[in-house]
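Take the sequence shown: its letter number 508 is residue 509 in the working numbering, and every next letter is one higher. C-beta: ideal position from N, C-alpha, C; glycine also. So the structure is just underneath, and the comments pick up after that.
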Amino acid sequence: MTYDIERYLNVRNAGGAAFGPEGDRLSFLIDTTGTAQVWTLDEPGAWPVQRTFEDDRITFASWSPERPELVFGMDEGGNEREQFFRLDAEDGTIHPLTRLPDAKHRWGGWSHDGERFAFASNRRDEAVFDVYVQGRDEVGDDADLVHEGDGWLSVGGWSPEDDRLLVHEAHSSFDHDVYALDLDAGELTHLTPHEGEVRYQSVNWGPDGEALYLVTDDGSDTLYLGRLDLDAGDGEVEQVVEGGEWNVDGVQVDEDSGRLVYSRNVDGDTDLTVAELTGPTTLRTFPTPNLPDGVKGGVDFDPEGERFAITVSGSSVNPNVYVVAVETGGATRWTNAATAGIPRETFVEPQLIHYETFDGRSIPAFFSLPQGEVGGEVPVVVDVHGGPESQRRPSFNPVKQYFLNRGYAYFEPNVRGSTGYGRAYTHLDDVEKRMDSVRDLRAGVEWLHDRDAVDPDRIAAMGGSYGGFMVLAALTEYPDLWAAGIDIVGIANFVTFLENTGDWRRELREAEYGSLEEDREFLESISPINHVGKIEAPLFVLHGANDPRVPLGEAEQIVEELAERGVPVRKLVFEDEGHGFAKLENRIEAYRAVVDFLDEHV
């Protein structure tokens with residue numbers, strides 16, 4: 002049986018769970034109303050209570066450790082200028098906390114007494130982030146600016162005594178630093194002096210506040226779990242769990258109990274380990290949680306450290322929240338995100354494959370064929386992830402499942418530059434090596450040509466953000482390979498993109514793509530807009546008018562050039578969206594149009 006795209010886009014997603022201060026209820030985000038809103042549950046499978054009723058999506062919810070109240074974040078129309086609000090869970094009242102709609106705010110957590118919270122914001126200067134502390138009853142400019150930054154800062158949480166804040170600085174996607182901010186003295190202590198590029202991620206205060214637990218690739222190709230002794234002062238990280246072949250990509254520590262959960266990314270799947278600190282760098286492990294296969298994350302311990310909530314999503318399993326008992330590994334699904342009446346058994350699991358590319362490297366990819374007998378050669382959607390420091394993983398994708406239901410095959414490559422396969426692999430597409438990733442895409446299509454089930458003349462490229470650039474680049478570099486292209490919020494011109502992206506993002510993006518000052522000529526040479534005359538395949542371009550990352554002008558210039566050349570091209574812009582489509586009605590309109598476009602041209 003086939004289903005309309007609207008049905009697939011009505012498959013619900015639950016996640017972002019957190020325990021209340023007494024551990025007797027759970028908040029979570031679910032898009033039942035069309036955008037993610039805050040809901041709460043008192044027990045698994047119970048009827049949930051909706052707590053927010055906004056048109057725009059809620060981005061996070063964080064409970065006070067002492068009161069029945071939580072802070073949630075929300076932007077406007079996808080503009081990513083997030084504002085904070087405090088929700089009283091007893092009477093449902095909502096109190097605005099920031100009231101500075103032109104600024105971005107990045108949540109940094111509650112103090113342990115629930116009287117204050119910390120955050121980073123670019124209020125003072127749009128290009129940099131400062132650190133603020135604000136009382137729970139204060140509003141807007143009442144917040145105290147406790148540190149002026151000069152880069153991309155975020156706050157990683159309060160120390161056990163509430164006298165220090167963890168401050169994280171990203172110089173680029175692969176070069177970070179960590180600091181401790183003494184709130185009484187106003188002093189910032191640099192904790193991670195290093196040479197070259199080193200990542201410090203998922204940083205947690207240890208149980209006594211004398212050490213940090215984090216994941217890093219200092220001296221390693223892959224991320225490992227480490228401990229940073231704050232008293233040593235030398236920035237040396239002691240290894241707790243090695244990275245080996247696969248990244249340890251996250252850790253969550255319960256500082257009261259010393260229990261922790263760390264995750265390892267194994268070819269996209271998440272392997273979880275639950276453990277307890279028995280010494281500074283020694284662990285006692287608990288049974289592996291009884292959870293479905295797939296991608297898992299968003300760990301939140303209950304107040305006693307006896308359970309944790311986590312979100313699980315798989316290729317054929319839409320996201321839901323589970324609660325795991327630490328000592329036994331027993332897991333209970335608390336949420337019931339519906340599948341819009343589509344039988345779960347109709348969802349397709351992909352095959353993990355590896356294909357050889359132009360320089361002999363092996364490129365991982367997920368390949369899915371429609372269920373049942375494939376009658377003759379089928380069309381294929383080649384879906385390229387964004388980032389580029391990202392990874393296509395086996396999580397639920399309703400658009401993918403729709404195309405499979407309609408008889409399309411689906412191909413998802415993790416070309417060079419993707420994360421999840423070590424530092425060296427991720428750097429293979431940096432700056433002057435940018436187009437090698439497009440050559441990997443060509444090799445993937447050649448692999449598809451060798452599959453008997455695939456029609457080599459009906460292959461379409463689709464991607465969003467950086468994936469949109471990959472679509473445009475593939476259509477210009479290898480025009481004979483493609484029957485159509487779908488560019489969603491993609492980059493057409495690296496020069497105009499870097500000139501017009503949000504001021505707070507420019508330095509980070511230049512570290513990946515090249516700088517306007519030093520690499521302008523190269524950036525122009527690889528920009529699809531400067532090779533637009535090579536595009537032959539019909540192109541559909543979709544964008545959000547409020548996109549702060551890849552401005553709307555990227556869509557407008559590529560559409561204008563193709564229209565002048567007589568190439569079939571369509572543009573669809575949503576006035577109330579940003580970098581992607583958050584509202585259900587817009588997603589339905591967008592992907593119904595994509596389906597119609599591919600049905601016509603593929």
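Inter-residue spacing [alpha-carbon to alpha-carbon] between Pro380 and Asn319: The residue given as residue 380 occupies position 379 in the sequence shown. The residue given as residue 319 occupies position 318 in the sequence shown. Going from the Cα of Pro380 to the Cα of Asn319 covers about 25 angstroms.
Ser314 vs Gly295 beta-carbon contact at 7 angstroms: Within the sequence shown, numbered from 1, the residue matching residue 314 stands at position 313. Within the sequence shown, numbered from 1, the residue matching residue 295 stands at position 294. Yes, these two residues count as a Cβ contact at 7 angstroms.
First and last residue of the uninterrupted alpha helix (DSSP H) at Ile559: In the sequence shown, the residue the question calls residue 559 occupies position 558. Element bounds for Ile559: 554 to 565.
Beta-carbon proximity list for Val238, same chain, < 6 angstroms, skipping 5 on both sides: In the sequence shown, counting from the first residue as 1, residue 238 sits at position 237. Around Val238: Thr217, Asp219, Gly227, Leu229.
Contact check, Gly35 vs Asn547, beta carbons under 7 angstroms: By 1-based counting over the sequence shown, the position of residue 35 is 34. By 1-based counting over the sequence shown, the position of residue 547 is 546. Cβ atoms of Gly35 and Asn547: not closer than 7 angstroms.
N- and C-terminal bounds of the beta strand (DSSP E) containing Thr333: Taking the first residue of the sequence shown as position 1, residue 333 is located at position 332. Looking at the DSSP string, the run of the beta strand (DSSP E) that includes Thr333 is 332 to 334.
Cross-strand partners of Ala485 (DSSP beta bridge): Numbered from 1 along the sequence shown, position 484 holds the residue referred to as residue 485. Ala485 is bridged to Ala461.
Burial state of Ser369, where buried means 16 or more other Cβ atoms lie within 10 Å: Here residue 369 refers to the residue found at position 368 when the sequence shown is read from its first residue. Ser369 comes out buried.
Contact between the region 199 to 209 and the region 174 to 190 (3+ Cβ pairs under 8 angstroms): yes
Option nearest Pro69 by Cα separation, candidates Ser516, Gly207, Asp92, Gly408: Translated into the one-based positions of the sequence shown, residue 69 becomes position 68. The option with the nearest alpha carbon to Pro69 is Asp92.
Separation of Leu599 from Gly545, as counted between CA atoms: Counting from one through the sequence shown, the residue named residue 545 turns up at place 544. Counting from one through the sequence shown, the residue named residue 599 turns up at place 598. Going by the C-alpha atoms only, they are around 21 angstroms apart.
Residues bridged to Arg87 [DSSP beta-bridge criterion]: On the sequence shown, position 86 is the one that residue 87 refers to. Paired residues: Val72, His96.
Residue range of the unbroken alpha helix (DSSP H) whose run includes Lys434: Taking the first residue of the sequence shown as position 1, residue 434 is located at position 433. It is not in any alpha helix (DSSP H) - Lys434 carries neither H nor E in the DSSP assignment.
Identity of the residue in Phe397, Leu231, Gly236 nearest Pro194 by Cα: In the sequence shown, residue 194 corresponds to position 193, counting from 1. That would be Gly236, whose Cα lies nearest to the Cα of Pro194.
Nonlocal neighbours in the same chain, by C-beta distance under 8 angstroms from Asp164, ignoring five residues either side: As a working mapping, residue 164 is identified with position 163 in the sequence shown. Counting only Cβ-Cβ distances below 8 angstroms, and skipping sequence neighbours, we find Asp183, Leu184, Asp185.
Supposed contact pair Leu563 and Ala594 - C-beta distance, whole angstroms, cut 8 angstroms: Taking the sequence shown and counting its residues from 1, one reaches residue 594 at position 593. Taking the sequence shown and counting its residues from 1, one reaches residue 563 at position 562. The Cβ separation is near 17 angstroms, so there is no contact.
Inter-residue Cα distance where the pair is Trp111 and Leu261: Counting from 1 along the sequence shown, the entry for residue 111 is found at position 110. Counting from 1 along the sequence shown, the entry for residue 261 is found at position 260. So the two alpha carbons sit approximately 20 angstroms from each other.
Through-space distance from Glu246 to Ala332, alpha-carbon basis: As a first step, residue 332 must be located in the sequence shown, where it is residue number 331. As a first step, residue 246 must be located in the sequence shown, where it is residue number 245. Answer to the nearest angstrom: the Cα atoms are 28 angstroms apart.
Alpha-carbon spacing of Trp64 relative to Phe309, whole angstroms: One-based indexing of the sequence shown puts residue 64 at position 63. One-based indexing of the sequence shown puts residue 309 at position 308. Going by the C-alpha atoms only, they are around 15 angstroms apart.
Where the beta strand (DSSP E) through Asp56 begins and ends: For the purposes of this step, residue 56 is identified with residue 55 of the sequence shown, where counting begins at 1. That residue, Asp56, is in no beta strand (DSSP E); it is neither H nor E in DSSP.
Sub-7 angstroms separation of Leu442 and Ala475 beta-carbons: Counted from its first residue, the sequence shown places residue 442 at position 441. Counted from its first residue, the sequence shown places residue 475 at position 474. Contact: yes.
Three-pair Cβ contact test at 8 angstroms for the region 430 to 450 versus the region 397 to 407: no
Selection from Ser174, Gly554, Tyr411, Asp131 that minimises the alpha carbon distance to Ala104: On the sequence shown, residue 104 is found 103 positions in, with the first residue counted as 1. When each option's Cα is compared against that of Ala104, the closest is Asp131.
Touch test, the region 150 to 168 against the region 485 to 494, Cβ-Cβ under 8 angstroms, three pairs minimum: no
Under 7 angstroms between C-beta atoms of Asp25 and Asn14: Residue mapping note: residue 25 aligns to position 24 of the sequence shown, counting from 1. Residue mapping note: residue 14 aligns to position 13 of the sequence shown, counting from 1. Against a cut-off of 7 angstroms, the Cβ pair of Asn14 and Asp25 comes out as no contact.
Ranges of the alpha helix (DSSP H) found wholly within the region 399 to 459, counting only runs of at least 4: 399 to 406, 424 to 427, 437 to 450
CB contact flag (Val560, Val551, <7 angstroms): Along the sequence shown, one-based indexing puts residue 560 at 559. Along the sequence shown, one-based indexing puts residue 551 at 550. No. Outside cutoff.
Closest Cα partner of Asp232 within the set Pro480, Leu429, Leu224, Thr190: Counted from its first residue, the sequence shown places residue 232 at position 231. Cα-wise, what sits closest to Asp232 is Thr190.
Beta carbon of Arg301 nearer than 7 angstroms to that of Phe86: The sequence position of residue 301 within the sequence shown is 300, counting from 1. The sequence position of residue 86 within the sequence shown is 85, counting from 1. Residue identity differs from the one stated: residue 301 is Asp in this sequence, not Arg. No; because the gap between Cβ atoms is not below 7 angstroms, this pair is not in contact.
The region 427 to 435 contacting the region 343 to 353, beta-carbon criterion three pairs below 8 angstroms: no
Own chain partners of Val656 with C-beta closer than 7 angstroms, once the 5 adjacent residues on each side are dropped: The structure shown does not extend to residue 656, since the chain is modelled only from 2 to 603, so the question has no answer here.
Boundaries of the alpha helix (DSSP H) in which Ile527 is found, first to last residue: On the sequence shown, residue 527 is found 526 positions in, with the first residue counted as 1. Segment 517 to 527, the alpha helix (DSSP H) holding Ile527.
Where Met436 falls, given that 16 or more other Cβ within 10 Å makes a residue buried: In the sequence shown, the residue the question calls residue 436 occupies position 435. When all chains shown are included, Met436 counts as exposed.
Backbone secondary structure at Ile6 - three-state DSSP: Locating residue 6 in the sequence shown gives position 5, counting from the first residue. In the structure shown, Ile6 sits in a helix (DSSP, three-state: H, G or I).
Own chain residues within Cβ distance below 6 angstroms of Pro457, not counting five before or after: Counting from one through the sequence shown, the residue named residue 457 turns up at place 456. Excluding sequence neighbours, Pro457 sits near His450.
Coarse secondary structure for His113, derived from DSSP in three states: Residue numbering aside, residue 113 sits at position 112 when the sequence shown is read from its first letter. The answer is coil: DSSP assigns His113 none of H, G, I, E or B.
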